[in-house]
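Participant: Residue numbers (our numbering): 320 to 485. Just passing along the structure, written as structure tokens.
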């Protein structure tokens, strides 16, 4: 799933802020559990940044996407409904933006300031909106076909035994 996520980020690079990474991380967490979701998210950042550039922001990206994957794994039973999945995409997009804006403030000021953080959050609203929209689109398009294949992998190869969905 990490390779799929990194490849998706690379393929959609020409379209600003419109990437499938968060959706793929949510799908991985939903079907493989919180630990696999966290690892998919964290590794997606570090692997895709081989192309996009590593930097002091990379640990923040790893934390954000990792937490999103873990949360999806913990909430997997409620993510079966399309509305819940869309809400998860929005919450993940906003959460990612809020945490990454901490990095934005630290990179500008070297100390954290709530005022600068609020300014960064407000100025990032259009980007966050596009990001949330892309999460919804990718979740609605990828969830069923990818989810079926992941469930098949779990059954066929015995991956993540004891973690079958209720």
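Glycine residues also receive a C-beta, built at the ideal position from the N, C-alpha and C atoms.
Going by C-alpha distance, which of 379, 328, 381, 410 is nearest residue 391?
Facilitator: One-based indexing of the chain shown puts residue 391 at position 72. If we check each option's Cα against that of residue 391, 410 comes out closest.
Participant: Measuring only the C-alpha atoms, how far is residue 445 from residue 439?
Facilitator: Here residue 445 is taken as the residue at index 126 of the chain shown, counted from 1. Here residue 439 is taken as the residue at index 120 of the chain shown, counted from 1. So the two alpha carbons sit approximately 11 Å from each other.
Participant: Could you give the distance in angstroms between the alpha-carbon of residue 394 and the alpha-carbon of residue 372?
Facilitator: Along the chain shown, one-based indexing puts residue 394 at 75. Along the chain shown, one-based indexing puts residue 372 at 53. Whole-angstrom Cα-Cα distance: 32 Å.
Participant: Let me know the secondary structure DSSP gives residue 337 once reduced to three states.
Facilitator: Stepping through the chain shown from its first residue, residue 337 is reached at position 18. Reduced to three states, the DSSP call for residue 337 is coil.
Participant: Closer than 6 Å by C-beta to residue 408: which residues in its own chain qualify, once you throw out the five before and the five after it? Chain order, please.
Facilitator: Sequence index remark: in the chain shown, residue 408 carries index 89 (1-based). Cβ within range, chain order: 454, 455, 458.
Participant: Roughly how many angstroms separate the alpha carbons of residue 447 and residue 344, rounded to a whole number?
Facilitator: Your numbering for residue 447 matches position 128 in the chain shown. Your numbering for residue 344 matches position 25 in the chain shown. If I take the Cα positions, the gap works out to 17 Å.
Participant: Going by beta-carbon coordinates alone, are residue 351 and residue 359 separated by less than 9 Å?
Facilitator: Position 32 of the chain shown holds residue 351. Position 40 of the chain shown holds residue 359. In this structure, residue 359 lies closer than 9 Å to residue 351 by Cβ.
Participant: Determine the extent of the alpha helix (DSSP H) in which residue 380 is found, giving its start and end residues.
Facilitator: Translated into the one-based positions of the chain shown, residue 380 becomes position 61. From DSSP, the alpha helix (DSSP H) with residue 380 extends over 377–393.
Participant: Apply the 10 Å Cβ neighbour rule to residue 338 and answer buried if 16 or more other Cβ atoms are within range, or exposed otherwise.
Facilitator: Numbered from its first residue, the chain shown carries residue 338 at position 19. Buried: at least 16 other Cβ atoms inside 10 Å.
Participant: My output table needs one value for residue 358: the three-state DSSP class, helix, strand or coil.
Facilitator: Working through the chain shown from its first residue, we reach residue 358 at position 39. Three-state DSSP puts residue 358 in a helix.
Participant: Exposed or buried, residue 474, counting other C-beta atoms within 10 Å across all chains shown (16 or more means buried)?
Facilitator: As a first step, residue 474 must be located in the chain shown, where it is residue number 155. It counts as exposed.
Participant: Given a cut-off of 9 Å, decide if residue 419 and residue 370 are closer than it, judged by their beta-carbon atoms.
Facilitator: As a working mapping, residue 370 is identified with position 51 in the chain shown. As a working mapping, residue 419 is identified with position 100 in the chain shown. No, the pair does not count as a contact, with Cβ atoms beyond the cut-off.
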